[in-house]
Amino acid sequence: MASKTSSSSTDLQTRQISKPATDISMRHTLSPRPMMPGNPYLPMPATVTEIIPETANIKTLRVVLEDDERMRDFKFQPGQVGQISVFGVGEATFVINSPPSQKAYLQFSVMRAGEVTAAIHKLSPGDKVGVRAPLGNHFPWQEWKGKSLFLVGGGIGMAPIRTIMLHLLEQKGDYGKISLLYGARSPRDMAYAYEMPAWLDNPDLDATFCIDQPFDGWSHKVGLIPNILLELKPNPQNCVAVLCGPPIMIKFTVQALEKLGFPPESIVTTLEKRMKCGIGICGRCNIGGRYVCVDGPVFTWKQLQELPPEI
Amino acid sequence: MSTIRFVTGDGLPAFLTFLARNGRRVLVPVEKPAVKSSTVFETWSEGKPFSLQKATVPAKSAVLPQCETLIRYKKSKNPDNPSEVSLNLDDTPEATPTVVFACRPCDARGYAVLDRPFLHGPYADPYYRARREALTVITLTCSKGCDTCFCHWTGGGPSSPEGSDVLMTAVDDGYVLQAITTAGKELLNASSLPDGAERFPLAEEARKRAWASLAPAPDLKDVPQKVASRFSDMPFWLHWTERCLSCGACTYFCPTCYCFTITDEGEAMSARGGRRLRSWDNCMSALFTREASGHNPRLSKAQRMRNRVSHKYATYPENWGTFSCSGCGRCIGNCPVGLDIREIVLACVRHSSDIAQETQER
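Protein chains in written order, with the numbering used here: chain E, 1 to 311; chain V, 1 to 362.
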């Protein structure tokens, strides 16, 4: 038996050969992306270095991997996600919202909603957490070169938009006009408020902010994101719209984009689902035969139209 | 000629003793008398009575335990500098060398179904791999079908070798054991069982008789497309799940269901530490996909059954080229309200022009 265990991979090969002639490889290939090495269930120990209170129910945490070498070699693409572990409580999935050029830390913004997010909100600098990352696919920014980008973030959906926006601005020369529409219920619900003045001042970015209802002292737009979008009338010519937000916002924003003439392949969104394994096995986050954790979270509207309607 | 051995019925306990050597765990079917009697796989030990009946619950837990530890974590202090605290994570898989003895071809094909996502997807699952590589499967071929089983609909049969290392077939005076894989061959060669080549024709005849006893299978060639095309037909799924209790018995008894959850227990930052566990989960439960926001993509039982049937007959085939149902029929026999996945699949196959009429009839 000892010999069997040691030569086990050959045994499995033999098993496959003995099977009826069925192809055991996955029938669709995944887009190339940085992947977490080693045991995919084993979190990398990390230390919380900073907690930034954003709103009443959103906090941003910055973490550093304990292993210096792994921190230094950590590579990801904008839009990829990570599972944060609070040991003893559990894990939940968040987008890495710092740009890949930020080598000093990984940043996640977390809205308090369930058990794990509540535990994350109780963390302080110096606390130990676990990180499984990078997981999932990413925004296809290489394919967007030469195009204009219209970015739309709703509420906590601004987190993935932040990472891709900062990444694109770093190589502004490769792209046309870069615009941002960021909306939330009220100014009090806006994460990254301390960064918004700089976004407005950035000559490479055309930023518009909106809130749902008038609010004392608010000098920007008032109205729902889809309505403000129709008012702004971005030109769909050679332009990609990237959006993230709650399902209801996605639905109406896509309708607005279609009205403006954006074809489904030029509308890109990133999805959220309940996830456990994060590696395409546990059976929770699938939409038809595609798993948001490995085939997503980034999908074009065209890809989503081809999947069963179960978002 | 592959390795063929022979064992008499009386010789089985001695063969099990051989299998259990060197600390190997041998899982055998054991009868559990009760108001509703059952047959379950248990670890064999010398003298323990065993059965050759088809088990009530398949031996899926040999590769995917109902609950297992993925990671043990605990805090430790640097003895030289007690204020320096570090977190220790231990992810060693629990994998005892195991022989599953006398499962049925539908159960063994279950392992082949699990192998694809656990070993051949974008990431290999190291816990599953460790147990799968330490597993040897000795399968008893079936002498006949039953009312609820339908392995031959799904690409298998009463003597299908898929997923098995050794096939064992009952003949008049005992059992013929045929090695299917190298692992099976090595196991049989190491045993003291006599050669069974001259009885192999008898085994082949028994297998042919078993095949002949089955009712012809319907043509399921277009099933993945047909099931997928029923996705948006909500009246269809509402009709077929009217009686469903969302109890999840169908997933519990299934040799190919593999949905799981991951949970933590214990205190992480204590010297006692805690564990991260993986447990079987149940896609029939409304909680399975409920997000922290309250949003739930599969809120109704009709949506959940649609996902279960679609996974087995449309989306797993789309990803892996074969059904993720081995036709064991346990979900049918154990359903408290008598739902029959065969009827749902066949209803999906019926021509789409029937849909309007069916809806009217409903």
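Heads up, the beta-carbon is just placed ideally off N, CA and C, and yes, glycines get one too.
Unbroken alpha helix (DSSP H) run spanning residue i, endpoints
{"i": "L114/V", "result": "P105 to L119"}
{"i": "E50/E", "result": "Note, E50/E: premise wrong, no alpha helix (DSSP H); beta strand (DSSP E) at M44 to P53."}
{"i": "E310/E", "result": "Note, E310/E: premise wrong, no alpha helix (DSSP H); not H, not E."}
{"i": "E205/V", "result": "F200 to A212"}
{"i": "L200/E", "result": "M196 to D201"}
{"i": "E42/V", "result": "Taken as a continuous stretch (DSSP letters only), E42/V belongs to no alpha helix (DSSP H), being part of the beta strand (DSSP E) at S38 to T43."}
{"i": "A256/E", "result": "P247 to L260"}
{"i": "L346/V", "result": "I341 to V349"}
{"i": "P235/V", "result": "M234 to W240"}
{"i": "H13/V", "result": "First, the amino acid is wrong: residue 13/V is Pro here, not His. Start and end: L12 to L19."}
Delimiting residues of the beta strand (DSSP E) encompassing residue i
{"i": "D264/V", "result": "F260 to G266"}
{"i": "R230/V", "result": "Segment: none, R230/V is in no beta strand (DSSP E) and carries neither H nor E."}
{"i": "D90/V", "result": "N81 to D90"}
{"i": "A170/V", "result": "V166 to V171"}
{"i": "R446/V", "result": "With chain V running from 1 to 362 in the structure shown, residue 446/V is simply not present."}
{"i": "Y182/E", "result": "I178 to A184"}
{"i": "M165/E", "result": "Run containing M165/E: none in the beta strand (DSSP E); it sits in the alpha helix (DSSP H), M158 to E170."}
{"i": "P29/V", "result": "R25 to K32"}
Contact set for residue i: own chain, Cβ-Cβ below 8 Å, skip 5 residues either direction
{"i": "A159/V", "result": "Before going on, a small fix: residue 159/V reads as Ser here, not Ala. P105, T141, C142, L167, T169, R207, A210 and W211."}
{"i": "L169/E", "result": "I178, N202, D204 and L205"}
{"i": "E310/E", "result": "I287 and G288"}
{"i": "S3/E", "result": "The predicted model places S3/E with a pLDDT of 36, which falls under 50 and marks its position as unreliable; any figure quoted below should be read in that light. Here the set comprises nothing."}
{"i": "K147/E", "result": "Y175, G176, N238, C239 and V240"}
{"i": "K312/V", "result": "T256, F323, S324, C325 and I341"}
Other residues of its chain near residue i: CB distance less than 7 Å, five sequence neighbours each side excluded
{"i": "S25/E", "result": "none"}
{"i": "M117/E", "result": "Per the sequence shown, residue 117/E should be read as Thr rather than Met. Once the five neighbours on either side are set aside, the close Cβ partners of T117/E are A92, V110 and M111."}
{"i": "L297/V", "result": "The residue you asked about is not Leu; residue 297/V is Pro in the sequence shown. Same-chain partners within the cutoff: T289."}
{"i": "I51/E", "result": "K59, L61, L123, S124 and P125"}
{"i": "Q305/E", "result": "P264"}
{"i": "K60/V", "result": "G110 and P255"}
{"i": "T154/V", "result": "F323, C325, S326 and G327"}
Cut-off 6 Å between Cβ atoms - residues of its own chain near residue i, not counting five sequence neighbours on either side
{"i": "S363/V", "result": "What is shown of chain V runs 1 to 362, which leaves residue 363/V out entirely."}
{"i": "T8/V", "result": "G174"}
{"i": "R116/V", "result": "W320"}
{"i": "A179/V", "result": "S2, T3, V166, K185 and L188"}
{"i": "R243/V", "result": "V337"}
{"i": "T14/E", "result": "Interpretation of T14/E is limited by its pLDDT of 34, a score under 50 that renders its predicted location unreliable; the figure taken from the coordinates is listed afterwards. Hits under 6 Å: none found."}
{"i": "T22/E", "result": "Unreliable placement is indicated for T22/E, whose pLDDT of 49 sits below 50; the coordinate value is still reported in the next sentence. Closer than 6 Å at the Cβ level, and outside the excluded window around T22/E, lies no residue."}
{"i": "R306/V", "result": "W237"}
{"i": "R132/V", "result": "V63"}
{"i": "N57/E", "result": "M111 and R112"}
Sub-7 Å separation of residue i and residue j beta-carbons
{"i": "L70/V", "j": "Y258/V", "result": "no"}
{"i": "A119/E", "j": "V86/E", "result": "yes"}
{"i": "G183/E", "j": "I225/E", "result": "yes"}
{"i": "I96/E", "j": "F74/E", "result": "no"}
{"i": "T300/E", "j": "V254/E", "result": "no"}
{"i": "Y105/E", "j": "V48/E", "result": "no"}
{"i": "R363/V", "j": "R72/V", "result": "A query on residue 363/V cannot be resolved here, the shown segment of chain V reaching from 1 to 362 and no further."}
{"i": "V81/E", "j": "G136/E", "result": "yes"}
{"i": "D264/V", "j": "G130/E", "result": "no"}
CB contact check: residue i to chain V, cutoff 7 Å
{"i": "E69/E", "result": "no"}
{"i": "A362/E", "result": "With chain E covering only 1 through 311, there is no way to say anything about residue 362/E."}
{"i": "P45/E", "result": "yes"}
{"i": "N57/E", "result": "no"}
{"i": "R62/E", "result": "no"}
{"i": "V240/E", "result": "no"}
{"i": "Y291/E", "result": "no"}
{"i": "P297/E", "result": "no"}
{"i": "T22/E", "result": "At T22/E the pLDDT is 49, less than 50, meaning the model places this residue with poor confidence; the figure from the coordinates comes in the next sentence. For T22/E, the answer is yes, since a Cβ of chain V falls inside 7 Å of its Cβ."}
{"i": "F209/E", "result": "no"}
Min CB distance residue i to chain E below 7 Å
{"i": "S293/V", "result": "yes"}
{"i": "L220/V", "result": "no"}
{"i": "Y123/V", "result": "yes"}
{"i": "C283/V", "result": "yes"}
{"i": "P364/V", "result": "Nothing in the structure corresponds to residue 364/V, since chain V is present only between 1 and 362."}
{"i": "Y313/V", "result": "no"}
{"i": "P216/V", "result": "no"}
{"i": "F323/V", "result": "no"}
{"i": "Y73/V", "result": "yes"}
- Check whether the stretch 24-39 of chain E touches the stretch 169-187 of chain E, taking contact to mean three or more Cβ pairs, one atom from each stretch, closer than 8 Å. By the C-beta criterion, the stretch 24-39 of chain E is judged not to be in contact with the stretch 169-187 of chain E, since fewer than 3 inter-stretch pairs fall below 8 Å.
- Item | Cβ pair count under 8 Å reaching 3, the stretch 12-24 of chain V against the stretch 238-252 of chain V | no
- Task: Output, in sequence order along the chain, the residues in the stretch 80-95 of chain E whose CB is closer than 9 Å to any CB in chain B.
- Result: No chain B appears in this structure, whose protein chains are E and V.
- Sufficient close CB pairs (3 or more, under 8 Å) joining the stretch 51-60 of chain V to the stretch 219-232 of chain V: no
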